[in-house]
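*Asks:* Position 297 of the sequence shown, counted from 1, bears residue number 297 in this note's numbering, the numbering being contiguous throughout. Before I ask anything, here is the structure I am working with.
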Amino acid sequence: MNTPTSPSPDTMIVGGGIAGLTAAYTLKQAGLTPLVIERSPRPGGKLLTEQADGFTIESGPDAFLIRKPWALALAQSLGLSDQIIHPRRENARTYVVRRGTLYPLPDGFNLIAPSKLMPFLRSPLLSPLGRARALLDLFIPPHMGDDDESVGAFVTRRLGREVADALADPLLGGVFNAPVDRLSLAASFPQFKQLERQHGSVIRGLMRASRAPKSDAPAFFSFIGGAQTLVDALVDALHGHIMTRAEAARLTHVDGLYHLTLADGRTFSVPRLILAVPPAASAKLLAEVAPESAHLISQIETTDVGVAALGYKLADIPRSLDGFGAVVPSGEGRPIDGMTWASAKWPHRAPDGYALIRVFFGGVHTRPTFVLSDSEALAVIRGEMRDLLGITAEPVITRLTRWPSAYPLYAVGHLEHAAAIQNGLPDGLALTGSALYGVGVPDVIHHAQDTATHLIGITHAHPTL
1 MNTPTSPSPD TMIVGGGIAG LTAAYTLKQA GLTPLVIERS PRPGGKLLTE
51 QADGFTIESG PDAFLIRKPW ALALAQSLGL SDQIIHPRRE NARTYVVRRG
101 TLYPLPDGFN LIAPSKLMPF LRSPLLSPLG RARALLDLFI PPHMGDDDES
151 VGAFVTRRLG REVADALADP LLGGVFNAPV DRLSLAASFP QFKQLERQHG
201 SVIRGLMRAS RAPKSDAPAF FSFIGGAQTL VDALVDALHG HIMTRAEAAR
251 LTHVDGLYHL TLADGRTFSV PRLILAVPPA ASAKLLAEVA PESAHLISQI
301 ETTDVGVAAL GYKLADIPRS LDGFGAVVPS GEGRPIDGMT WASAKWPHRA
351 PDGYALIRVF FGGVHTRPTF VLSDSEALAV IRGEMRDLLG ITAEPVITRL
401 TRWPSAYPLY AVGHLEHAAA IQNGLPDGLA LTGSALYGVG VPDVIHHAQD
451 TATHLIGITH AHPTL
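Written as structure tokens, this is what we have:
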């Protein structure tokens, strides 16, 4: 795959993750000739699945959100409809660790607030004072200003600090692998601000929304063979348009063309170019062609994440894995951020009689686990399996993957920061990927498609490009 077989490219894409592959696919569908440059041996980035001993092991994302339709639409366009699976409905619950014990989220709880009051009031996840403070959201006047604020500040203002620490921290911060007191509300969960504006209260807005007719449609999907199925289909569709083991070293802009020099000295000259790489790599390549954007994107911080997969005999697990998994508030002081009970969440993830558990670590509060050796990290994680799930048996299979700088941190003011980065780019040059407008796979796909479509529009408006 490291040698392209298509004609000379008219558009270069640096980065062969899901963003770069989607952008290339969109351009190819429009009749252009893209070439993806990927420095690693395989395209696909964090969408990485391994089949081993009957287990289907994800090293990165394991689910795609359906209400953001772009991943599903892409899968359907690639002919993958017959491979789509949905989570096990009977296990659709999430647990939260509190003082070392796993408690289910109360029925009707939506990330930060309840849509049903009685299950919330009976839940032991908050103290009686914490529950009472949360209900003050029904009476606190809404803040109607347009200024961005952190997720932690918003939740504390509306529902109290205990909700922010015990629930928003693992549930919302966990999605972005970021501390809620730094995470931009506008860039991550703008729907909660809209509830405040429209209904005067987050709880009131959720309660009214819960009265709408309910759909039985699942919230997520994946594939029988795992998330990498989507990447494999894109790679097949882009045959001859991907060059692996090729590192971009320098980018210049002369006489209307972008000149991309690789580390091995080869140079490509094209009128259009997309960067679909992490912030640090983007900043390096933008230094000569868009220095202000390079400076701004270099300011986007990133966080690490590690994923450990452990397979067990079901007989060796003393408690029922009757949910999708558990999240761990940072205040618990534990060395992991949460876990997914993959075989309880999805079919086709473990052989009969076995279970597969994925454990996450390496976030802001569990960084010490990330820097351990593999054997040390697995020992720590097995200790957590013993403490939280009562599992003392040896796993039958283990896998451990680290993703350094995997998540961009959307700090307060991120949307304005991202817009300034975009505004500093010359015509024919674009950025896409998770650093700007969403870390979830559907959001990344959507922005990559929009980016490619915008470049196609420039081509049509300026035929000489």
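Note that beta-carbon positions come from the ideal geometry of N, C-alpha and C, so glycine has one too. A quick note: this is a predicted structure, and the numbers were derived from the prediction, not measured.
Given Ala435, which residues of its chain have a CB within under 6 Å of its CB, disregarding the five upstream and five downstream residues?
*Replies:* These residues qualify, in order along the chain: Pro279, Ile300, Pro408.
*Asks:* Decide if His365 is buried, meaning its Cβ has at least 16 other Cβ atoms within 10 Å, or exposed.
*Replies:* Under this definition His365 is a buried residue.
*Asks:* In angstroms, rounded to a whole number, what distance separates the CA positions of Asp146 and Ala418?
*Replies:* For Asp146 and Ala418, the distance between alpha carbons rounds to 17 Å.
*Asks:* Distance check for Leu47 and Ile317, CA to CA, integer angstroms please.
*Replies:* Each residue's alpha carbon lies about 28 Å from the other.
*Asks:* What are the boundary residues of the alpha helix (DSSP H) that includes Glu376?
*Replies:* 374–389 is the span of the alpha helix (DSSP H), which, as asked, contains Glu376.
*Asks:* What does a CB cutoff of less than 7 Å around Arg197 pick up in its chain, not counting 5 residues either side in sequence?
*Replies:* Here the set comprises Pro142, Met144.
*Asks:* Taking Gln51 as part of the beta strand (DSSP E), name the residues at either end of that continuous run.
*Replies:* Where Gln51 is concerned, the enclosing beta strand (DSSP E) stretches over 49–52.
*Asks:* Going by DSSP, what residues sit across from Asn110 in a beta bridge?
*Replies:* In the DSSP output, where bridge partners are listed per residue, Asn110 has Ala113.
*Asks:* Going by DSSP, which residues form a beta bridge with Arg122?
*Replies:* None; Arg122 has no bridge partner.
*Asks:* Provide the residue(s) that pair with His253 in DSSP beta bridges, ordered along the chain.
*Replies:* According to DSSP, His253 bridges with Tyr258.
*Asks:* Figure out for me which residue from Ser269, Lys284, Phe223 has the closest Cα to the Cα of Arg250.
*Replies:* Arg250 has its Cα closest to that of Lys284, out of Ser269, Lys284, Phe223.
*Asks:* Just to confirm, are Glu58 and Gly226 a CB contact at a threshold of 8 Å?
*Replies:* It is a contact, given that the beta carbons lie within the stated cut-off.
*Asks:* At a threshold of 7 Å, does Asp316 count as lining the ligand MN (C-beta to nearest heavy atom)?
*Replies:* Because no ligand of any kind appears in the structure shown, any question about the ligand MN cannot be addressed here.
*Asks:* Can you say whether Glu292 is buried or exposed, counting buried as having 16 or more other CB atoms within 10 angstroms of its CB?
*Replies:* Result: exposed.
*Asks:* Spatial neighbours of Thr392 within its chain, please: C-beta separation below 7 Å, excluding the five flanking residues on both sides.
*Replies:* Cβ within range, chain order: Arg386.
*Asks:* By alpha-carbon positions, which one of Gly174, Gly457, Thr267, Val441 ends up nearest to Pro69?
*Replies:* Nearest C-alpha to Pro69: Val441.
*Asks:* Buried or exposed for Asn177, please, with buried defined as at least 16 other CB atoms from any protein chain shown within 10 angstroms of its CB.
*Replies:* Classification for Asn177: buried.
*Asks:* What residue range is occupied by the uninterrupted beta strand (DSSP E) comprising Ala276?
*Replies:* Premise fails: Ala276 is in no beta strand (DSSP E) and is neither H nor E.
*Asks:* Between His348 and the rest of its own chain, which residues show a CB-CB distance below 7 Å, the 5 nearest in sequence each way excluded?
*Replies:* Taken in chain order, the residues that qualify are Thr56, Ile85, Ile224.
*Asks:* According to DSSP, is Arg349 part of a helix, a strand, or is it coil?
*Replies:* Looking at Arg349 - three-state DSSP - the assignment turns out to be coil, as it is neither helix nor strand.
*Asks:* Using a Cβ-Cβ cut-off of 8 Å (strictly less than) and excluding sequence neighbours within five positions of Pro218, which residues of its own chain qualify?
*Replies:* Excluding residues within five positions, the ones whose Cβ falls inside 8 Å are Ile66, His86, Pro87, Arg89.
*Asks:* Could you check if Met118 is buried or exposed, using at least 16 other CB atoms within 10 Å of its CB as the buried criterion?
*Replies:* The residue is exposed, with fewer than 16 neighbouring Cβ atoms inside 10 Å.
*Asks:* In terms of alpha-carbon separation, which member of Leu296, Ile357, Asp216, Thr252 lies closest to Pro395?
*Replies:* Selected option, being the one with the closest Cα: Ile357.
*Asks:* How should Phe139 be labelled, buried or exposed, when 16 other C-beta atoms within 10 angstroms of its C-beta is the threshold for buried?
*Replies:* Exposed: under 16 other Cβ atoms inside 10 Å.
*Asks:* Judging by CA-CA distance, which residue of His253, Ala309, Met12 is the nearest neighbour of Asp374?
*Replies:* Cα-wise, what sits closest to Asp374 is Ala309.
*Asks:* To test your reading of the DSSP string, which unbroken beta strand (DSSP E) runs of 3 or more residues are found completely within the segment 292–328?
*Replies:* The qualifying runs are 302–313, 325–327.
*Asks:* Taking the alpha-carbon positions, what's the Arg382 to Arg272 distance?
*Replies:* Their backbone Cα atoms lie some 49 Å apart in a straight line.
*Asks:* Tell me the DSSP secondary structure of Glu416 in three-state form.
*Replies:* Reduced to three states, the DSSP call for Glu416 is helix.
*Asks:* Of the choices Pro179, Thr156, His454, whose alpha-carbon is the least far from that of Gly363?
*Replies:* Gly363 has its Cα closest to that of Pro179, out of Pro179, Thr156, His454.
*Asks:* Can you say whether Arg158 is buried or exposed, counting buried as having 16 or more other CB atoms within 10 angstroms of its CB?
*Replies:* Buried.
*Asks:* Less than 6 Å between C-beta atoms, sequence neighbours within five positions excluded: which residues of the same chain meet that for Leu195?
*Replies:* Val202, Gly205, listed in sequence order.
*Asks:* For Ser210 and Asp322, what's the separation of their Cα atoms in angstroms?
*Replies:* When rounded, the distance between both Cα atoms is 24 Å.
*Asks:* Can you tell which of Pro104, Pro351, Leu74 has the C-alpha that lies nearest to the C-alpha of Ala237?
*Replies:* Comparing Cα positions, the closest option is Leu74.
*Asks:* According to DSSP, Ala430 sits in a beta bridge with which residue or residues?
*Replies:* Its beta-bridge partners are Ile274.
*Asks:* Quick check on this structure: which residue in Ile274, His239, Asp107 has the alpha carbon closest to the alpha carbon of His447?
*Replies:* Residue Ile274 is the option with its Cα nearest to His447.
*Asks:* Should Arg122 go down as buried or exposed, given a rule of 16 or more other Cβ atoms within 10 Å for buried?
*Replies:* So Arg122 ends up on the exposed side.
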